[in-house]
Each structure stands twice: as C-alpha cells, then as structure tokens.
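Data block below; observations after.
Residue numbers (the numbering used here): 86 to 380.
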C-alpha cells in the first residue's frame, strides 16, 4: 500500500517527541514519517499494519518502527463508536536518527546504533525483561525535562541496541514513493475492508470503492501491496480470528463464521497456511506463553 506522509509535530525546544496519548482510537491513517517511532500500547486492541505485515495488537505491546516504515494501528470496531469510557492509551516516542547531532552516530561508543536502526526498518517487537525496561523508561521520558530527557533517550537506545529479546515484524522494507491520490484511495479500500470483512466483499464492490474497474483495481492492488485483494482480505480475517482465539471466549467453530468464513474446513485451511498452526495449536501456544510470563 502507498502510505501518506505524516509530519510529526515537534517543539522548537525539543530534540525528540515523547507523548502520552489517551483518545477514543488510534485513527485509521496508513502513513510514514522520517522519524523512528517507539510505540507502547497501554490500553487498546485491534489490527496493526506495519510494512507488509498484518497482525494483532493488544495491551502491553512495545514496537519500534524504522524511519519511513509505513504503519497504521486500526482499533476494533467498538473503539470507533461514540462511547465516553472506552479509550485507547499509548506512549509514543518519535526521534530522527541524528536528533542528538549529525556527528552523534559517528562516535565510537555508538557503534551498535547503525545495526539497531537497520533492524528497525523491518519493525521490532520487544519481549521479556527488555520490554518491561522500555516501558519504564518510556513513562519517564514523558515526564522528564531538559538534559534528563536525553539521558532517558540514550538509556532507551542502549536497551534496544543491546537486547536480543525482540522479533522482527515485516519481511521487507522497500515501498513505492507515495502520492496523495494513491494514499487516499488505498486508505478507503483498507477502511472499507476492515469494516466489512465479516461479509462477502466482491471485486466489483471493492473496485467501486476505489473508483476503478475490476481489472484496473486488481492490477493496482497487486502493484501496491504485492498481494491480491483476496489474500489481503483473508489475512485480515485470520488476524481477527487469532484475537478471538486468545480471548478464549467463543468456540472455534463460532469464530470461523464470526470472522467471515463460510465453512469450517476453509477456515482451518487458511489459518494453517498463514500461521503454520491449527487454531487449537495457536490458542495453546499463546495461553501457555501468557502463563509463563505471569500475565
């Protein structure tokens, strides 16, 4: 997908941005910016799009996004309804690679940072003690002033650069340069699909949303995303199925139809293809890991 350029708000007296957001949802804008972004979800859940990856996000996640890596956090449907108490909450730290000066990266003590920034181009999801340490530092960063802010940022960079407790998120980091028309079009397609994935979406229907013929839409979507619209729709359905499985409330057969599949065998086949696990194996793996970390 072609993302929209986003200008990160900055303060004249600050070398980087650290904010604590509480709002109704995370919006629905597929975008990128030159700043790296460290994103901690304090409260909220839904589907996130990072590069060529579609996955679920939930409370506690800490992710680092590299410079110009396209992304979007799309909350579950209930967060877009007018509800006074249902909010999302996140700490977001955004910084340019040279925010401490152009010569900063050339200091001999900073030799680990180029590798960190290169890994961040694929997105990094932190786990274990490193995740917990980053959360602690991110809270401090939102409250700190003056030189203390830089000291905390250095501590954050040190923690991320030295740990092996992370998973990369996306398999690629080469994207088309965006233009406004394509960004608006692909956002309309994405938003419509996320709102209607439970029902059948015909190519004629989604092509009309993009204001293209079916043939042109199929060619356009494949060019932008490196996948067919059908594959994209299936990935979204499986992402929602994964979320419902780990919530452990509904039976698998009910989840199948809740996520837009019209028969159980079809659901199992697609789930296995995308996750390399059966729904039961996926649920057991998640619940066991949850117990192991004490959640």
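The beta carbon of each residue, even a glycine, is placed where N, CA and C say it ideally should be.
By the criterion of a C-beta distance shorter than 7 Å, residue 253 is surrounded in its chain by 204, 207, 208, 209, once the five residues flanking it on both sides are discounted. Residue 315 sits exposed, since fewer than 16 C-beta atoms from the chains shown fall within 10 Å of its C-beta. Here the alpha carbon of residue 256 sits roughly 32 Å from the alpha carbon of residue 335.
Assigned with DSSP and collapsed to three states, residue 346 falls in coil, not helix or strand. Cβ contact annotation for residue 121 (same chain, cutoff 8 Å, sequence separation greater than five): 149, 150, 151, 152, 179, 180, 181, 182, 202, 205, in chain order. Residue pairing by DSSP places residue 174 opposite 107, 128 in a beta bridge. DSSP, reduced to helix, strand and coil, places residue 210 within a strand of the structure shown. Cβ neighbours of residue 294 within its own chain (closer than 8 Å, five residues either side excluded): 273, 274, 277. Taking the CA atoms as reference points, residue 115 sits about 19 Å from residue 176. The Cβ-Cβ distance between residue 135 and residue 324 does not fall below 7 Å. Comparing C-alpha distances from residue 288 to each of 303, 242, 248 shows the shortest one belongs to 303.
Closest in C-alpha terms to residue 331, from the list 228, 170, 286, 141, comes 141.
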